Amino acid sequence: GNSVTQMEGPVTLSEEAFLTINCTYTATGYPSLFWYVQYPGEGLQLLLKATKADDKGSNKGFEATYRKETTSFHLEKGSVQVSDSAVYFCALSDPGGGADGLTFGKGTHLIIQP
Amino acid sequence: EAQVTQNPRYLITVTGKKLTVTCSQNMNHEYMSWYRQDPGLGLRQIYYSMNVEVTDKGDVPEGYKVSRKEKRNFPLILESPSPNQTSLYFCASNPGGIGSYEQYFGPGTRLTVT
Chain A
35 GNSVTQMEGP VTLSEEAFLT INCTYTATGY PSLFWYVQYP GEGLQLLLKA TKADDKGSNK
95 GFEATYRKET TSFHLEKGSV QVSDSAVYFC ALSDPGGGAD GLTFGKGTHL IIQP
Chain B
44 EAQVTQNPRY LITVTGKKLT VTCSQNMNHE YMSWYRQDPG LGLRQIYYSM NVEVTDKGDV
104 PEGYKVSRKE KRNFPLILES PSPNQTSLYF CASNPGGIGS YEQYFGPGTR LTVT
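The listed protein sequences derive, respectively, from chains A and B. Positions in the first sequence are counted from 1; adding 34 to them yields this note's numbering. Positions in the second sequence are counted from 1; adding 43 to them yields this note's numbering.
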């Protein structure tokens, strides 16, 4: 079946540092890939997505590229801010459709210190 | 405002006392899902629904029931809650159809069963 593996953290960085959160996946076919963010006390929000190989998703300074050859979708940001502190989830959807939901990684807790 | 709402946001109950968590979306989405979030386990799907009167089990359905009598509502029912159902629950929806893989999440319901 499908699975997503991501670094669990917590990951602690200083403000303005470079961020990478690794995500790799196992799936049959060509899934769509997502990064969701969960701020304290809130639900999950879509951060970015990519629907086919070599696509780059980007939003709020975050980027991730769909790498089929390495089955990866690593999240990056060049200069993090304290407001980026949150839990980040990598996820994939079955290529056949979205009814049966997403397969999530376990989440990476990111802490940005001033 | 397009949104998924859940009620209650917080609930403390005792073992065996039936409870219902409501979920409603105002986006006319076809698909709806319930997830639970537990530390170290990420999000796991409980049940999903592809349309009115069409529901199916997710990864962890034991101890839960759902119904989909109207398109906008998808309540989660715990007939006899147990302490191992203490968790953070999220309802989600998506439009359905090819390419509609993004899930829109509610704010979450934190359930404690004593």
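Ideal placement from N, C-alpha and C gives every residue a C-beta, glycine not left out. Everything numeric in this text was worked out from a predicted model, so none of it was measured.
Straight across, the Cα-Cα distance linking ALA120 of chain A with ARG87 of chain B is about 19 angstroms.
Interface with chain A (8 angstroms Cβ-Cβ cutoff): GLN128 of chain B is excluded. Here DSSP, grouped into helix, strand and coil, assigns VAL57 of chain B to coil.
Taken through DSSP and simplified to helix, strand or coil, VAL114 of chain A comes out as coil. The beta-bridge partner set that DSSP reports for LYS108 of chain B consists of B:ILE120.
For the region 67-87 of chain B, the beta-carbon criterion of a distance under 7 angstroms to any beta-carbon of chain A is satisfied by TYR74, SER76, GLY83, LEU84, GLY85, LEU86. Under a criterion of Cβ atoms nearer than 9 angstroms, the residues of chain B adjacent to LYS83 of chain A are, in order, TYR144, GLU145. For PHE123 of chain A, the chain B residues whose Cβ falls inside 8 angstroms of its Cβ are GLY85, LEU86, in order along the chain.
Counting along the chain, no beta strand (DSSP E) covers ASP102 of chain B, and no H or E run does either.
Look at PHE138 of chain A: its C-beta is under 8 angstroms from a C-beta on chain B. Using a 10 angstroms sphere on the CB of LYS140 of chain A, the tally of other CB atoms reaches 16 or more, which defines it as buried.
Closest by C-alpha distance to SER125 of chain B, out of B:GLY83, B:TYR107, B:THR98, is B:TYR107. For GLN147 of chain A, the three-state secondary structure derived from DSSP is strand. Within 8 angstroms of the CB of GLU97 of chain A, no CB atom of chain B is found; the nearest one sits about 18 angstroms away.
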